[in-house]
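See structure below.
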Amino acid sequence: MEQNVSFLADLNSIWESFKNYYLSKMSSEQVKTWFGSLLLVDFDSDTATITMKTESSFKYKILITRYLEDIQDYFSDTLKFAVNVRIVCDDIQQDPVQEPASSTSAQDASASLSSYKFRYTFENFIVGGTNRFAHAACRAVVDRPAEQFNPLFIYGPSGLGKTHLMNAIINDMRIKNPSAKLIYVKGDDFTNQMVDCLSRQAMQEFRDKFRLCDMLLIDDIQFIAGKVATQEEFFHTFDKLYEDGKQIVLTSDRPPKDINHLEDRLRTRFESGLIADIQPPDLELRMAIIKKKAEQVNLSISEEILTYLAENLRSNIRQIEGAIKKLGAQQFLNGIQSKITLDMAKSCVDQLLGEAEPLSVTIDKIFSAVFRVYGVDKADLVGKNRSRKIALPRHVSIYLIRSITEMSFPNIGKIFDKDHSTIVNSISKVQSLMFSDSEFNKLITDLEKEIRSSVRI
């Protein structure tokens, strides 16, 4: 408790520095008006979240709309690790995740870029096998808008970098062609802005905004599905932009064919350009992302911890960012010279996974599946017995663990008390047998699908 009180004092000192910094941007009266009554009330080290409070519901709306991101960036830059800043007001119900609000009015074209992030660039997007095609397609769109890939449709699960790539396109386009009119909105914001203009009898204003731009980028386009009026409006918007040779970029959590309640005429248009998917990062990419993000916040982690995090945080990049943020906060609270330990990393992973499945549970499922097929239990598979009866099931177990969990060869070796070369040899034997024996190939393929369908990551 004393440690938290001391840290709050440090944060308050940073907050005072922020207000002084803002004196170069606005008058002292404006600083007092917007920031004077905004109080720092809590810091949650588990989520690296700073909570600030205002008594005015009017100021609350202005603060989260105009200043929240600046406040968050200032704290993160000063503390040298990423933090969340949450502003609360007693008169307003809080959302679980708070982001700067974007304008719903179509009058101000710049408002359409209010939610884009200038820090997301192609240069700091870490490329690997699971996202390389999408990354290359986005770069091509900047180099030759509307020439090759129009529309560009990017899909994949949440938290894998689709929005990062959209922001990177905007950032590069603003350098390449500063006068270009770029429109970036979320799918549900497109609907909200249309409803707003309908209520004001200002649909021409809405149409001019979206149909007279040079590039339209819509994130989470799946949210327009099932909304008849919105789909009708977007259909005509799409056709006008396409006929005028303007670039369209869309993202979704699924491919067009899998978006339920999407009109066929929109589906065929989405599929008429280039479709690029982003899949969860493989082990090597996860390690690269963790290493890069740790470097960005001056967090030193050992190879053992790097490998542990990469092997356990498998579903998306937001998990990884959350882990680095939490470990950075813990190091700061314990003293900047303190070391990140494996136990700290394990505790962090346990909290982040929540309902997800620990790696050890996945491995046990693999051993259980092998037992059902070959009748050899885990004790024998990881034991010293070298009989032919156990050799093949052991090779299969090693192959499945590598394929499903992407664990490193040395860590798989620890499970079986084998060296790196023995693990590689086992995997090669299974792969060769799958290639030469179609029946064995089907057995292993079906077994892998069965296990994957039961794993929660």
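Mapped onto our numbering, the consecutive letters of the sequence shown carry residue numbers 9 to 465. Note that the Cβ used here is the ideal one computed from N, Cα and C, for glycine as well. Note that the structure is a prediction, hence the values are computed from the model and not measured.
Going by beta-carbon coordinates alone, are residue 94 and residue 57 separated by less than 7 angstroms? Counting from 1 along the sequence shown, the entry for residue 94 is found at position 86. Counting from 1 along the sequence shown, the entry for residue 57 is found at position 49. Yes, these two residues count as a Cβ contact at 7 angstroms.
Which class does residue 163 belong to by DSSP, given the choice of helix, strand or coil? For the purposes of this step, residue 163 is taken as residue 155 along the sequence shown, with counting starting at 1. If DSSP states are grouped into helix, strand and coil, residue 163 belongs with the strands.
Identify, in the order they occur along the chain, each residue of the same chain with its Cβ nearer than 7 angstroms to the Cβ of residue 156, setting aside the five sequence neighbours on each side. Here residue 156 refers to the residue found at position 148 of the sequence shown. Taken in chain order, the residues that qualify are 148.
What residues match up with residue 191 in a beta bridge as DSSP calls it? For the purposes of this step, residue 191 is identified with residue 183 of the sequence shown, where counting begins at 1. Per DSSP, 224.
Since residue 318 and residue 291 are thought to touch, with beta carbons under 8 angstroms apart, how far apart are those beta carbons, to the nearest angstrom? Mapped onto the sequence shown, residue 318 falls at position 310. Mapped onto the sequence shown, residue 291 falls at position 283. Between residue 291 and residue 318 the Cβ distance is about 6 angstroms, and since that is below 8 angstroms, they are a contact.
Meets three-Cβ-pair contact criterion under 8 angstroms: the region 402-419 and the region 430-444: yes
Straight-line gap, residue 357 to residue 297 (C-alpha atoms, nearest Å): Start at 1 with the first residue of the sequence shown, and residue 357 comes out as number 349. Start at 1 with the first residue of the sequence shown, and residue 297 comes out as number 289. Cα to Cα, residue 357 sits roughly 16 angstroms from residue 297.
In whole angstroms, what is the alpha-carbon distance linking residue 254 and residue 264? Translated into the one-based positions of the sequence shown, residue 254 becomes position 246. Translated into the one-based positions of the sequence shown, residue 264 becomes position 256. Rounded to whole angstroms, residue 254 to residue 264 spans 21 angstroms at the Cα level.
From the DSSP output, in three-state form, read off residue 247 for me. For the purposes of this step, residue 247 is taken as residue 239 along the sequence shown, with counting starting at 1. Three-state DSSP puts residue 247 in a helix.
Hey, how far is the Cα of residue 285 from the Cα of residue 230? Taking the first residue of the sequence shown as position 1, residue 285 is located at position 277. Taking the first residue of the sequence shown as position 1, residue 230 is located at position 222. When rounded, the distance between both Cα atoms is 15 angstroms.
Buried or exposed by the 16-neighbour rule on C-beta atoms within 10 Å, applied to residue 105: In the sequence shown, residue 105 corresponds to position 97, counting from 1. Only weak support exists for where residue 105 lies, its pLDDT of 43 falling under 50; the coordinates are left without a value.
Rounded to the nearest angstrom, what separates residue 360 and residue 257 at their Cα positions? As a first step, residue 360 must be located in the sequence shown, where it is residue number 352. As a first step, residue 257 must be located in the sequence shown, where it is residue number 249. The alpha-carbon atoms of residue 360 and residue 257 are separated by roughly 32 angstroms.
Excluding sequence positions up to five away, which residues of its chain have a Cβ less than 6 angstroms from the Cβ of residue 309? In the sequence shown, residue 309 corresponds to position 301, counting from 1. If we look at residue 309 and ignore the five residues flanking it on each side, its Cβ neighbours are 302, 348.
What's the gap between the Cα of residue 160 and the Cα of residue 154? The sequence position of residue 160 within the sequence shown is 152, counting from 1. The sequence position of residue 154 within the sequence shown is 146, counting from 1. Each residue's Cα considered, the two are about 9 angstroms apart.
In terms of alpha-carbon separation, which member of 392, 191, 168 lies closest to residue 177? The count along the sequence shown starts at 1 and reaches residue 177 at position 169. Checked all of 392, 191, 168; the closest Cα to residue 177 is 191.
Among 66, 330, 428, nearest to residue 91 - alpha-carbon criterion: As a working note, residue 91 is residue 83 in the sequence shown. For the residues 66, 330, 428, the minimum Cα distance to residue 91 belongs to 330.
At least three beta-carbon pairs within less than 8 angstroms, the region 231-239 to the region 137-147: Taking a cut-off of 8 angstroms for Cβ pairs, the region 231-239 and the region 137-147 do not touch, as fewer than three such pairs fall below it.
Taking just the CA atoms, how far does residue 96 sit from residue 370? Position 362 of the sequence shown, counted from the start, is the residue given in the question as residue 370. Position 88 of the sequence shown, counted from the start, is the residue given in the question as residue 96. Answer to the nearest angstrom: the Cα atoms are 40 angstroms apart.
Classify residue 7: buried if its beta carbon has 16 or more other beta carbons within 10 angstroms, exposed otherwise. One cannot answer for residue 7 here, as it falls past the ends of the chain, which runs 9 to 465.
Output yes or no for whether 7 angstroms exceeds the beta carbon distance between residue 377 and residue 452. Walking along the sequence shown from the start, residue 377 turns up at place 369. Walking along the sequence shown from the start, residue 452 turns up at place 444. No, they are not a contact pair.
Residue burial classification, residue 224 (beta-carbon count within 10 angstroms, cutoff 16): Sequence index remark: in the sequence shown, residue 224 carries index 216 (1-based). Its Cβ being crowded by 16 or more others within 10 Å, residue 224 is buried.
Using three-state DSSP, classify residue 34 as helix, strand or coil. Translated into positions along the sequence shown, residue 34 becomes position 26. In this structure, residue 34 counts as coil in the three-state DSSP scheme.
On the criterion of 16 or more Cβ atoms from any shown chain inside 10 Å, does residue 118 qualify as buried, or is it exposed? Counting from 1 along the sequence shown, the entry for residue 118 is found at position 110. Note that residue 118 scores 37 on pLDDT, short of 50, meaning its location in the model is unreliable; the coordinates nonetheless yield the value given after this. Here residue 118 is exposed: its Cβ has fewer than 16 other Cβ atoms, across all protein chains shown, within 10 Å.
Spatial neighbours of residue 35 within its chain, please: C-beta separation below 8 angstroms, excluding the five flanking residues on both sides. As a position in the sequence shown, residue 35 is number 27, starting the count at 1. Around residue 35: no qualifying Cβ.
Using the C-alpha atoms, what's the distance from residue 463 back to residue 187? If you number the sequence shown from 1, residue 187 lands on position 179. If you number the sequence shown from 1, residue 463 lands on position 455. C-alpha separation (whole angstroms): 49 angstroms.
Please go through the region 334-376 and give each complete alpha helix (DSSP H) segment of 4 or more residues, from N-terminal end onward. 350-361
Within 10 angstroms of its Cβ, does residue 416 collect 16 or more other Cβ (buried), or is it exposed? Mapped onto the sequence shown, residue 416 falls at position 408. When all chains shown are included, residue 416 counts as buried.
Taking the continuous beta strand (DSSP E) assigned at residue 51, which residues delimit it? Translated into the one-based positions of the sequence shown, residue 51 becomes position 43. Here the beta strand (DSSP E) through residue 51 covers 47-52.
Which class does residue 212 belong to by DSSP, given the choice of helix, strand or coil? Locating residue 212 in the sequence shown gives position 204, counting from the first residue. The answer is helix: DSSP assigns residue 212 an H, G or I state.
Could you work out which residue in 62, 429, 390, 197 is closest to residue 98 when comparing CA atoms only? Translated into the one-based positions of the sequence shown, residue 98 becomes position 90. Comparing Cα-Cα distances from residue 98 to each of 62, 429, 390, 197, the minimum goes to 62.
Pick out whichever of 438, 42, 419 has its Cα sitting closest to the Cα of residue 399. Taking the first residue of the sequence shown as position 1, residue 399 is located at position 391. Nearest of 438, 42, 419 to residue 399, Cα basis: 438.
Boundaries (first-last residue) of the alpha helix (DSSP H) holding residue 402: One-based indexing of the sequence shown puts residue 402 at position 394. Start and end: 396-413.
Just grab the DSSP bridge partners of residue 259 for me. By one-based count along the sequence shown, residue 259 stands at place 251. Beta-bridge pairing links residue 259 to 162.
How about residue 49 and residue 59: do their beta carbons lie closer than 7 angstroms? Locating residue 49 in the sequence shown gives position 41, where the first residue counts as 1. Locating residue 59 in the sequence shown gives position 51, where the first residue counts as 1. The Cβ atoms of residue 49 and residue 59 lie closer than 7 angstroms to each other.
Note the first and the last residue of the continuous beta strand (DSSP E) segment covering residue 95. Numbered from its first residue, the sequence shown carries residue 95 at position 87. Its beta strand (DSSP E) spans residues 92-96.
Going along the chain, which residues of its own chain have a beta-carbon closer than 8 angstroms to the beta-carbon of residue 312, five neighbours each way excluded? Translated into the one-based positions of the sequence shown, residue 312 becomes position 304. The residues are 350.
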